[in-house]
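Numbering of the sequence shown is given in the numbering used here, commencing with residue 2 and proceeding in unit increments. Only one structure is covered here, and it is reproduced in the block below.
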Amino acid sequence: MRNTTSRRWLTALPLSAIALFASLTAPGAAQDARLDDEQQIGQEVFNELKAKGEIVVSSPLYDTLTPIAAAVTRTAQPRYNHPFKFYLVHESAPNAFATAGGNVYVTDSLLYFVKNTEELAGTICHEVSHTIHHDSMTLIEKERKVERRELGAAILLGPTRAHILAIALIGKLRSLGYSRDAESAADLTGSDVCAASGYDPWGLVWLFQDFDAADLTQVPQLLSDHPDNQHRVDALKKHFRENPSVFAAFSSDVKTAKPLVVPQNAPEAFLR
Ligand SMILES: [Zn+2]
2 MRNTTSRRWL TALPLSAIAL FASLTAPGAA QDARLDDEQQ IGQEVFNELK
52 AKGEIVVSSP LYDTLTPIAA AVTRTAQPRY NHPFKFYLVH ESAPNAFATA
102 GGNVYVTDSL LYFVKNTEEL AGTICHEVSH TIHHDSMTLI EKERKVERRE
152 LGAAILLGPT RAHILAIALI GKLRSLGYSR DAESAADLTG SDVCAASGYD
202 PWGLVWLFQD FDAADLTQVP QLLSDHPDNQ HRVDALKKHF RENPSVFAAF
252 SSDVKTAKPL VVPQNAPEAF LR
């Protein structure tokens, strides 16, 4: 049974992105000339998460995240024109999301959900790939077109515009998020990035298999709207088969995975 209204795993932008659209489209919204569109959007989401007190500024959990993030960045950074930055955020649902501009957010609960280093690395590689592919910008542009068509030019500058757009967006992000093609493309690029960073790209496959095995009562948001796990696993396996020079060296056996050391009940200080 699937609940199609809840948030997609590794898929949707945070709902705080709504606030971002509101501020970007509000009349007289301040534009910082030094920031390009992608950075501007990334900054709006960051401000929103900060205002909600979600961003972890210091915690022993960073000792787990940072070495993986650093290795992935060395591989991914040449493919994107703004610096990647990684933040832990305090959310009960295991999740990760990347915004335009280079910020990547990993929820603290994800560190406790993944079963090994490769699964966490795979998640991070998948997210930076959304950024490399400019997927959130594509989503925004799509939404702008729909809005222009539906609302017409006459009220585009009115104060209701941002509100109406936000309502439309909530539905869109919740029900659709990124397209299936965008998700699969992020998986494949993510596996390339992971392999180049020295992490077994089978981690993503193991993660999807964990989703299917997870206890729904414990992690309802994870599986509820992820009907495509098998499709994504199949696409990854095909990609591995077709590129043996990159992938043949990696083991598909989860028993070879590196354990992930995560401090229990780690304290967290929040950015205010
Ligand atoms: Zn995704």
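We put the beta carbon where it would ideally sit given N, CA and C, even for glycine.
Between residue 209 and residue 247, the CB-CB gap reaches or exceeds 8 angstroms. Residue 131 has its CB nearer than 7 angstroms to a heavy atom of ligand 1.
Residue 60 is not bridged by DSSP to any residue. Between residue 204 and residue 122, the CB-CB gap stays under 8 angstroms. About 6 angstroms separates the CB atoms of residue 117 and residue 259; that is less than 8 angstroms, so the two are in contact. In the displayed model, residue 118 falls within a helix according to three-state DSSP. DSSP places residue 214 in the uninterrupted alpha helix (DSSP H) bounded by 203–214. Burial check for residue 199: the Cβ neighbour count within 10 Å stays below 16, so the residue is exposed. DSSP places residue 96 outside any beta strand (DSSP E), giving it a letter other than H or E. The way I'd put it, the segment 180–195 doesn't touch the segment 100–111; fewer than three beta-carbon pairs between them come closer than 8 angstroms. Contact between residue 115 and residue 272 is ruled out by a C-beta separation of about 24 angstroms, above the 8 angstroms threshold.
Pairing residue 134 with residue 196 gives a Cβ-Cβ distance that is not under 8 angstroms.
A direct Cα-to-Cα measurement between residue 70 and residue 146 gives close to 35 angstroms.
For ligand 1, no non-hydrogen atom lies closer than 7 angstroms to the CB of residue 240.
At a threshold of 7 angstroms, residue 83 does not count as near ligand 1, since its beta carbon sits no closer than that to any of the ligand's heavy atoms.
The beta-carbon separation of residue 125 and residue 97, rounded to 7 angstroms, stays under the 8 angstroms limit for a contact. Residue nearest to residue 79 within the set 47, 194, 50 and 59 is 194 (criterion: CA-CA distance). Residue nearest to residue 55 within the set 267, 91 and 245 is 91 (criterion: CA-CA distance). By the neighbour-count criterion, in which 16 or more other beta carbons inside 10 Å mark a residue as buried, residue 231 falls on the exposed side.
Shown here for residue 111: same chain residues with a beta carbon closer than 8 angstroms to its own, the five before and five after excluded, namely 95, 96, 97, 121 and 124 in chain order. One thing to note: residue 264 has its Cβ within 8 angstroms of the Cβ of residue 62.
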